[in-house]
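One line per chain: the protein sequences are A and B, in this order.
At position 198 of the first sequence the residue is numbered 926 (this note's numbering), and the sequence of numbers has no breaks.
At position 53 of the second sequence the residue is numbered 195 (this note's numbering), and the sequence of numbers has no breaks.
Quick reminder that beta carbons are idealized off the backbone N, C-alpha and C, glycines included.
Keep in mind it's a predicted model, so treat the numbers as computed, not measured.
The structure appears below as structure tokens.
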Amino acid sequence: MTLLAVLLLLAAGHGLIRLVTGTWPVRLLGPLAAAGLSFLAGAVAVGLLTTYAAVTGLTTRPWPVVAPVLIALAVAGIAPGSLARRMRIDRSAQAPGFGGATWADGAVAAAVAVIGTVTLWGIGHVPVRSNDEWAIWAVRGRALSLSGHLDPHVFAGTLANYAHLDYPLLVPSLIAWGDGLHGHTDDYSAHVLLIALVLAMLVVVGWALNRLAGPFAGVVGVLLVAGTPRLMSRWALLLMADTTLVAFVVALFAVLALWLTSRDPRLLAIAAVLGCGAAATKVEGLLFVLAAFAAALICARGQRRAVLLGFGVVVASALPWVAWTKVHHVQSDLINSTTLTLHHVRVVAPYSWLSVRQMARYWPAFGWLLVIACLAVLAVALTVPRLRGLVAFLGIGFAVSTLGMWAQYVISAGQQLTGQAGADSLERHFASSATRVLMVPAILLTLAIPLFAGALLRSDPAPAGDAASADPVDAEEAAAGQSLHR
Amino acid sequence: MSRGQLVLLGRALAAILLIAALCVGAVTSVRSLHGARTDVHRVDARPRVNGRLPLLNGPRDQFVDFVASVVPPNASIRILQPLTKRVPARPPAPGPAGVCGNDVNLAAYWIFVYSLVPRPSVCGTSGSWTVYLGVPVPPGPGVHRYSATLGVRAP
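Have a look at this one:
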């Protein structure tokens, strides 16, 4: 049943990508990225469908609503070309894509296969075992799968101590999806689904780096990301949303970077789907999506309307859940009417520098030497005109993500305690959360090394690299079919 | 140094950096995967109580199953726990103290809530089953006593 849950997700995601791009995914992306992005898109479909079913009062058990829609998506994904064109599913099958399996993609696939095998081995023996699992994520997943609806007692609290009620439902939906197909609660399916999302992200990162920075960059990027402290050794083994958020956001940045160098609108459509996934995973997902699309907006002169449309789709996808929380008076623990005041900002301002020091202390990296290397390679790449666009994109995305996380920590300080007690409380908050919450900006910075070292190594500039140069070309010119077809 | 030599030097440095990153990535990812294996083995080796890890220590782990056998799956539960000392200057809890996770041992509360899903934890008495988790169980009709401080009362 776990295999069925994975395959149905994969097939539905494949269909979703075919629908939004109008192209056969394998032809557009190649087999490696088609598999990775299909799985991520399938998870988005499950998350959003379950959320929409829940907020409209329909059942959250998979078979009555979610599974039939996924099956329909899966069928759309495998519809024959002639039928698909008649149904306007296939619209531009002749356009070049980003596929073409190379040995570099093979190396990425092999590395991810090894990482996946080792991580998944024995995961069936791991039950729910940590605080955030039973207090936030797994409890809501089980409430969706067992009660079959959005029970206001659980999801709106009504004074009972349920934590972070404003968090969106993608991860609980995936847990419920695995449970639903089994017919009972099943930690194994939930673990497999969440770990597979991380593996899908690794595949997408490797695929994108191979095309952006040459054939050596992909496998280096995969290993660096997989080696991020505690990503695979701790957080990926728990039923929590942090690694899922990393999966969507890092894949989003990878696809948007490839879009910047190719200006293929189909990639922007896929990026919007990934953005929907990030926004549906955690509240700060929307911040990271904002960082990614803001960076793309600044770097993609001439195509800003398309970028804004993509971001608009992401925001629109999150609205039903936000509306439900507003109707049920569910407030964010961090961003709410109490913290968004001038008075509160004055109260928490003294914690600004402490937050910077704590972020440096808990930054999830292999050491400061590597961080310095990342910054150095960013600086060197800035001197190369054809890379300036990508440097700006990654730099802005990293800066906005990091600043956003810093602001979130500062605002969270002083809510309950002030003075030294408040500082101690903030330090405990960092100790319990920073290594996982800061993974997104840390990984974005780490990816600078394979991206720019690989790109600097390339003897031939990427044909579409000009589109991402210091002076981004106009939309029409850039969109004139440039691609990184290999 | 000519421009060509500079480009060559830049490429050489980029190659060195990429190889160094490959080595760092290989070492850290192997270390990370080893950590994952160790964690899985450690959890696997721990004893279980009806498939769950014994996180509540002592009879309360079995008491979860007792509650699940008594309270119907569609019923709500009101969990009573001993009060814990409130940190000074901390604002008051949103709900009544000692009930539904307010001013109590939160770890035990959440483990209990999770173990009893889909029965929602509520604060009010109306229509809900009362779970005595570490507080004296009163005598009376409808009381299912597990021990002196563990029990369930029907609505």
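Using the rule of at least 16 other Cβ atoms within 10 Å of the residue's Cβ for burial, across every protein chain shown, is residue i buried or exposed?
i: residue 1160/A; result: exposed
i: residue 244/B; result: buried
i: residue 273/B; result: buried
i: residue 234/B; result: exposed
i: residue 999/A; result: buried
i: residue 1139/A; result: buried
i: residue 889/A; result: buried
i: residue 165/B; result: exposed
i: residue 1215/A; result: Since the first residue of chain A shown is 729 and the last is 1214, residue 1215/A is not available in this structure.
i: residue 957/A; result: buried
i: residue 146/B; result: exposed
i: residue 192/B; result: exposed
i: residue 970/A; result: buried
i: residue 190/B; result: exposed
i: residue 1152/A; result: exposed
i: residue 290/B; result: exposed
i: residue 1205/A; result: With a pLDDT of 36 at residue 1205/A, under the threshold of 50, the modelled position of this residue cannot be trusted, and the question is left open.
i: residue 1147/A; result: exposed
i: residue 1035/A; result: buried
i: residue 154/B; result: exposed
i: residue 834/A; result: exposed
i: residue 1070/A; result: exposed
I need the DSSP call for residue i, collapsed to helix, strand or coil.
i: residue 1091/A; result: coil
i: residue 730/A; result: helix
i: residue 241/B; result: strand
i: residue 180/B; result: helix
i: residue 1186/A; result: coil
i: residue 701/A; result: Summary: the structure shown does not reach residue 701/A, with chain A confined to residues 729 through 1214, and so no result is reported for it.
i: residue 263/B; result: strand
i: residue 1008/A; result: coil
i: residue 1085/A; result: helix
i: residue 686/A; result: Since the first and last residues shown for chain A are 729 and 1214, residue 686/A lies out of range.
i: residue 227/B; result: coil
i: residue 1167/A; result: helix
i: residue 845/A; result: helix
i: residue 1193/A; result: Note that residue 1193/A scores 38 on pLDDT, short of 50, meaning its location in the model is unreliable and no value can be drawn from it.
i: residue 172/B; result: helix
i: residue 1158/A; result: helix
i: residue 895/A; result: coil
i: residue 791/A; result: coil
i: residue 966/A; result: coil
i: residue 826/A; result: coil
i: residue 741/A; result: helix
i: residue 879/A; result: coil
i: residue 1176/A; result: helix
i: residue 786/A; result: coil
i: residue 149/B; result: helix
i: residue 818/A; result: coil
i: residue 805/A; result: helix
i: residue 689/A; result: A query on residue 689/A cannot be resolved here, the shown segment of chain A reaching from 729 to 1214 and no further.
i: residue 958/A; result: coil
Determine which residues share a DSSP beta bridge with residue i and list them.
i: residue 286/B; result: 294/B
i: residue 222/B; result: 241/B, 274/B
i: residue 191/B; result: 194/B
Using a Cβ-based criterion (distance less than 7 Å to any ligand heavy atom), does residue i qualify as near the ligand FMN?
i: residue 1082/A; result: The ligand FMN is not among the ligands present in this structure, which contains no ligands whatsoever.
Does any C-beta atom of chain E lie closer than 8 Å to the C-beta of residue i?
i: residue 207/B; result: Although the question refers to chain E, the structure presented lacks it and instead comprises the protein chains A and B.
4 or more residues per run - each alpha helix (DSSP H) lying fully within the region 902-948 of chain A
The region 902-948 of chain A contains these whole alpha helix (DSSP H) runs: 915-941.
So within the region 1087-1141 of chain A, which uninterrupted alpha helix (DSSP H) runs reach at least 4 residues, ignoring any that extend past its ends? Correct list: 1096-1110, 1116-1140.
Query - alpha helix (DSSP H) segments (min. 4 residues) lying fully within the region 852-877 of chain A - result: Listed in chain order, the complete alpha helix (DSSP H) runs (minimum 4 residues) inside the region 852-877 of chain A are 866-875.
task = May I have a chain-ordered list of the alpha helix (DSSP H) segments no shorter than 4 residues that lie completely inside the region 752-783 of chain A?
result = Counting whole runs of 4 or more residues, the region 752-783 of chain A contains the alpha helix (DSSP H) stretches 753-783.
- Task: Quick one: which residues of the region 168-179 of chain B get their C-beta closer than 9 Å to a C-beta of chain A? List them in chain order.
- Result: From the region 168-179 of chain B, only 168, 169, 170, 171, 172, 173, 174, 175, 176, 177, 178, 179 have a Cβ closer than 9 Å to chain A.
Against chain B: residues of the region 1157-1182 of chain A by CB proximity under 7 Å:
Hits within the stretch, in order: 1177, 1178, 1181, 1182.
| Which residues, in chain order, does the region 877-897 of chain A contribute to contact with chain B at a C-beta distance below 7 Å? | Listed by position along the chain: 879, 881, 882, 886, 887, 888, 889.
Original post:
Looking at chain B, which residues of the region 846-857 of chain A have a Cβ within less than 9 Å of any of its Cβ atoms?
Top reply: Residues passing the 9 Å Cβ filter: 846, 847, 849, 850, 851, 853, 854, 855, 856, 857.
Quick one: complete beta strand (DSSP E) runs, 3+ long, within the region 978-1049 of chain A? Counting whole runs of 3 or more residues, the region 978-1049 of chain A contains no beta strand (DSSP E) stretch at all.
Members of the region 920-943 of chain A that neighbour chain B once the beta carbon cut-off is set at 7 Å:
Near chain B, meaning a CB-to-CB distance below 7 Å, no residue of the region 920-943 of chain A qualifies.
Under 9 Å (Cβ pairs) to chain B, residues found in the region 947-974 of chain A:
For the region 947-974 of chain A, residues whose beta-carbon sits nearer than 9 Å to a beta-carbon of chain B comprise 947, 948, 949, 950, 951, 952, 953, 954, 955, 956, 957, 958, 959, 960, 961, 962, 964, 965.
Name the residues in the region 1100-1121 of chain A whose C-beta lies less than 8 Å from a C-beta of chain B; which are they? Residues 1101, 1105, 1108.
Short-range partners of chain B found in the region 1073-1094 of chain A, where Cβ spacing is below 7 Å
Result list: 1094.
| query | Looking at chain B, which residues of the region 1047-1067 of chain A have a Cβ within less than 8 Å of any of its Cβ atoms? | reply | So nothing in the stretch comes that close.
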